[in-house]
Amino acid sequence: LELEADLRLALQQEQLYVVYQPIVDLVTHQPVGLEALARWHHPQRGPVSPAEFVPIAEEAGLIEQLGEQVLRRACADLAAWQRTMDAGAPESVAVNLSRAQLRPGHLAAAVSAALQDSGLGAQALRLEITETLAMQGESAHGVLAELREMGVSLALDDFGTGYSSLASLDQLPIDTVKIDRAFVAKMVHNPYQTALVKSTVQVADALALRVVAEGVETEAQADALAALGCHAAQGYLFGRPMSAADFAAWWTTHQ
Ligand code: G
Ligand code: G
Ligand code: MN
Ligand code: NA
């Protein structure tokens, strides 16, 4: 409850900030994109993980406000990079959505406003959803359809955990699947986990979906994923989540 009050205040004062983690092509290791991740530095407790404060925001009815701040910051930062980088600025940014943000009408309006204020086109935004939420009912499907109609692309996040199933890849209006890092961690030297990733890539290929592996920490994991035909990866091996300024420098030196 104390954290909830502090979070409410932090949102009012816009104390939350956003860090960015690169996504690289698994064949060339060239940067191809980035994911925005929310951060909160509590004045007394220090850093609080989004794994802790996102559920608090959901319960307290603060998630739309939080989501909108992250969306606006990510769009503003991407627009600034596109204005200031000489060549090859990122074309899009991925932003995580919580299930409580999937309200018909409201989410599309917030996304539109963030795009309009930053001057970005809809293709500059990739929204990440998890299957547990994506699967919940007609209204969620309607919201996803609204976003797709706007031209925003959708990624299925944390694939391989929870309720995710290969069958759902065909049923959601997504263009990307993100393989969860728990899956990646278990893969090397484990034939069963390797087979699961392999079949995920095969189904994704058949549906023309892009596959991004998360939490790649070692060369062995990157090599194994590349050998399985996985397209892109994200993880500490390539780059940690960074401030906007550090990310811009990282991106420029990795062109
Ligand atoms: O960045 P980190 O690994 O600490 O994130 C922990 C969890 O919080 C991940 O599941 C991630 O998807 C989620 N998360 C990070 N930023 C956001 C955000 O802006 N909105 C939502 N809904 N979840 C986020
Ligand atoms: O659930 P989602 O995929 O949005 O969360 C991404 C989370 O994974 C972020 O909190 C980010 O900080 C974390 N992360 C990114 N790369 C790595 C990695 O290589 N190893 C580990 N352990 N976590 C990572
Ligand atoms: Mn994500
Ligand atoms: Na994930």
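All residue numbers for the sequence shown refer to UniProt numbering, where the first residue is 807 and numbers rise by one. A virtual CB, placed ideally from N, CA and C, is assigned to each residue, including glycine. Note that the structure is a prediction, hence the values are computed from the model and not measured.
- Less than 9 Å separates the beta-carbon of Q929 from that of S898.
- With 16 or more other Cβ atoms from the protein chains shown falling within 10 Å of its own Cβ, A1030 counts as buried.
- Excluding sequence positions up to five before and after Y1042, its CB lies within less than 7 Å of the CB of E1023, all in the same chain and listed in chain order.
- CA-CA distance, H995 to L933, rounds to 32 Å.
- Per DSSP, F1044 is not a residue of any alpha helix (DSSP H), being assigned neither H nor E.
- Secondary structure note for S959: its beta strand (DSSP E) is the uninterrupted segment 959-965.
- In the structure shown, the three-state DSSP call for L903 is coil.
- The Cβ neighbour count for E937, taken over all protein chains shown within 10 Å, is at least 16; the residue is labelled buried.
- When secondary structure is reduced to three states using DSSP, T982 falls in the strand class.
- In the three-state reduction of the DSSP assignment, E1020 falls in the coil class, being assigned neither a helical nor a strand state.
- Secondary structure at A893: coil, using DSSP grouped into helix, strand and coil.
- Note: L840 is bridge-paired with P828 in the DSSP secondary-structure output.
- Going down the chain, each residue whose beta-carbon is closer than 5 Å to a heavy atom of ligand 1 shows up: L843, A844, S855, P856, A857, V860, V876, N902, S904.
- If you compare the alpha carbons of Y823, T834, A886 with that of G925, the shortest gap goes to A886.
- Per DSSP, P861 is one residue of the alpha helix (DSSP H) stretching across 856-865.
- Residue pairing by DSSP places A1038 opposite D831, V1018 in a beta bridge.
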